[in-house]
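Q: Residue numbers (the numbering used here): 29 to 310. Heads up, the beta-carbon is just placed ideally off N, CA and C, and yes, glycines get one too. Before we start, here is the structure in question, set down as structure tokens.
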């Protein structure tokens, strides 16, 4: 049986986290669960720890380091601990855990990445008005500009075959906020990974308010433009490289420190690093 991990990130999700964990346990009873929390000031962490779930691992970072780095941390954690499949999802109940068996099935059928899609045939979304328009337009624009024949680029509801993730250059994913999800698809496609979509119904969050800042829309447009330009010129301006098991000298987490650097020549590189657990750099 494949070793599977379900991951979501939290920040002030006290109203959703207990129900979400219970639902994951119902539909993926043989999966471990990883939650990365950015030091929520509400009772999110307290609630998770009070549930005493044997398969649950909670990592609490010292400050709000962002959604993209939380997902990079989850990928590194899954690789470090030998998981075969990683499923990522939102922590606000917008992604229904009843789709988890279908996500796992997509990997078992040969896909490297499975995306839960709102916008393919059979999918649906509770968004209305301005939010629906912006979300739909962003995904249509990404499909056209990137030349990738998918319908969904911005959701976090995805399953990954971990043996294929070694081909992903995580240094190329170090972007702020929700742009990470679009960058991940572009990177996976550029590496030749098999990407499959399954239709889902995307629900409004259970409790609380959306944490997507207005600035994120403009950041996403800028990053999409960068990806489109890279596609046109068909060249990478400098390979980034990663070492997912190098320990951070500050917090000691072996799966969270990523080396990044722009290669200057065959034998010379400028190197920097960032820890996606504690945020320290070196």
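1. Taking the C-alpha atoms as reference points, what is the distance between residue 139 and residue 222?
2. When we look at the beta-carbon of residue 157 and count the other beta-carbons within 10 Å, is it buried (16 or more) or exposed?
3. Whole angstroms is fine: what's the gap from residue 52's alpha carbon to residue 130's?
4. Report the residue from 175, 180, 173 and 186 whose alpha carbon sits nearest the alpha carbon of residue 164.
5. Check residue 265 in the structure and name its three-state DSSP category.
6. Check for me: the alpha helix (DSSP H) holding residue 164 runs from which residue to which?
7. For residue 73, I'd like the list of residues in its chain whose CB is within less than 7 Å of its CB, leaving aside the five on either flank, ordered along the chain.
8. So which of 95, 92, 29 and 119 has the shortest CA-CA distance to residue 61?
9. Buried or exposed: which applies to residue 56, given that a residue is buried once 16 or more other Cβ atoms fall within 10 Å of its Cβ?
10. In angstroms with no decimal places, state the Cα-to-Cα distance between residue 107 and residue 115.
11. Within a Cβ cutoff of 6 Å, which residues of the same chain sit near residue 329, ignoring the five residues on either side of it in sequence?
12. Counting only the same chain and skipping the five closest in sequence on each side, list residues whose C-beta sits under 6 Å from that of residue 153.
A: Reading from the atomic positions:
1. 5 Å
2. exposed
3. 13 Å
4. 180
5. With a pLDDT of 37 at residue 265, under the threshold of 50, the predicted position of this residue should be treated as unreliable, and no value is reported.
6. 157–174
7. 65, 86 and 88
8. 119
9. buried
10. 13 Å
11. The structure shown does not extend to residue 329, since the chain is modelled only from 29 through 310, so no value can be given for it.
12. 146 and 230
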